[in-house]
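First the structure, in the form of structure tokens, and then the observations on it.
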Amino acid sequence: MMRTATATRPAQHDRANEDFVAASRHAVVLLDGAGTPVGSESGCVHGVAWYARTLGSELLRRATDEVDQALRDALAESIERVSKLHSGTCDLEHPGSPSATVIVAREVADRLQYLVLADSVLLLEGPTDLTVVTDDREAQVGQKYRDRMDALSSGSSAHREAHREYVETLRSFRNRPGGFWVASVDPAAADEAIIGEQPLSELEAAVLLSDGASRLVDRFGQASWSDLVHLARHEGPDAVIDDVRQLETSDPEGTRWPRGKAYDDATVAVITMLGGAC
């Protein structure tokens, strides 16, 4: 049986957390909602936090109760269900309609099944190796358009405007060939998710990260993936977020580490007791 510990914090205490994490006895889901920058529209009256929370809850139910259903199918049906929930009130054709990255980890018999859609990170630690599972297609596309944003001081009005333009530019690449894929309104995006499984006997831990938490490694470069797993396992998921917040606070203007958001919602889930006692 899996043992799961989670932690999640909003970027700012006065704004909704657009990440979502939840666990049942045999499954864990983590979603990172794509925020709508100030001055940009989404066509949705509910907002990104509602979307991530609603999709994540539906997906956890399916992953837990319908263990024979493939994870891609569970995600596709969950996206379709949530789309129906707000199609009568929201413009689902709007290019800024709420979206989210997705990670699912599920214990079925003697194996851990997983699904990863978009740039959240799943770490699978075995006795002798560590596997990193993520989808970097959005980062590859975005790298071509972020120079102006990265050259500006985080928190400045010019940076906010450049970030809005960056986000709106990337919308034209969302959920289409040659671009990148996220959960939004089209169930077909689930077909693009990375899936896999590993025997529980070959795993000691799994760590799920939104990109606000994985930036400790992949944006700030202040730890290795192995360091992060060790920290999460031995000091808890909050310790990972503590380290991220300290680094963000040390560089509030994004001078050392240019980024779209000076602070980001951050979420960590740690699964242990997979292949044996931990």
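Quick note: the sequence shown uses my numbering, first residue 479, plus one each step. Glycine residues also receive a C-beta, built at the ideal position from the N, C-alpha and C atoms. Model, not experiment: these values are computed from the prediction.
CB-CB length for residue i against residue j, believed under 8 angstroms
{"i": "Arg-425", "j": "Pro-515", "result": "Past the edges of the chain, shown from 479 to 756, lies residue 425, and the structure says nothing about it."}
{"i": "Val-507", "j": "Val-582", "result": "5 angstroms"}
{"i": "Ala-684", "j": "Leu-602", "result": "5 angstroms"}
{"i": "Glu-536", "j": "Pro-665", "result": "So it is not a contact: roughly 12 angstroms between Cβ atoms."}
Beta-carbon proximity list for residue i, same chain, < 7 angstroms, skipping 5 on both sides
{"i": "Arg-624", "result": "Tyr-644"}
{"i": "Val-443", "result": "Residue 443 cannot be examined here, being either before or after the span of the chain that is shown, 479 to 756."}
{"i": "Ser-520", "result": "Thr-514, His-572, Gly-574, Ser-575 and Pro-576"}
{"i": "Ser-631", "result": "His-637, Glu-731 and Gly-732"}
{"i": "Ala-578", "result": "Leu-509, Asp-510, Gly-511, Ala-512, Tyr-529, Ala-530, Leu-533, Val-660 and Ala-661"}
{"i": "Leu-538", "result": "Ala-500, Ser-502, Ala-505 and Val-507"}
DSSP three-state assignment for residue i, whether helix, strand or coil
{"i": "Val-660", "result": "coil"}
{"i": "Gln-490", "result": "coil"}
{"i": "Leu-681", "result": "coil"}
{"i": "Asp-543", "result": "helix"}
{"i": "Leu-595", "result": "strand"}
{"i": "Val-722", "result": "helix"}
Close beta carbons around residue i, own chain, < 6 angstroms, minus the five adjacent residues each side
{"i": "Arg-626", "result": "Ala-640"}
{"i": "Glu-585", "result": "Met-480 and His-504"}
{"i": "Val-663", "result": "Ser-561, Leu-570 and Ser-575"}
Buried versus exposed, by CB contacts within 10 Å (16 or more), residue i
{"i": "Asp-510", "result": "buried"}
{"i": "Gly-732", "result": "buried"}
{"i": "Gln-618", "result": "exposed"}
{"i": "Ala-485", "result": "buried"}
{"i": "Gln-490", "result": "exposed"}
{"i": "Gln-591", "result": "buried"}
Flag this pair as touching only if the segment 658–677 and the segment 606–613 have three or more C-beta atom pairs under 8 angstroms; answer yes or no. yes
Between the segment 706–720 and the segment 649–663, do at least 3 Cβ pairs fall closer than 8 angstroms? no
Quick test of the definition: if touching needs 3 or more C-beta pairs under 8 angstroms, does the segment 709–728 touch the segment 523–533? no
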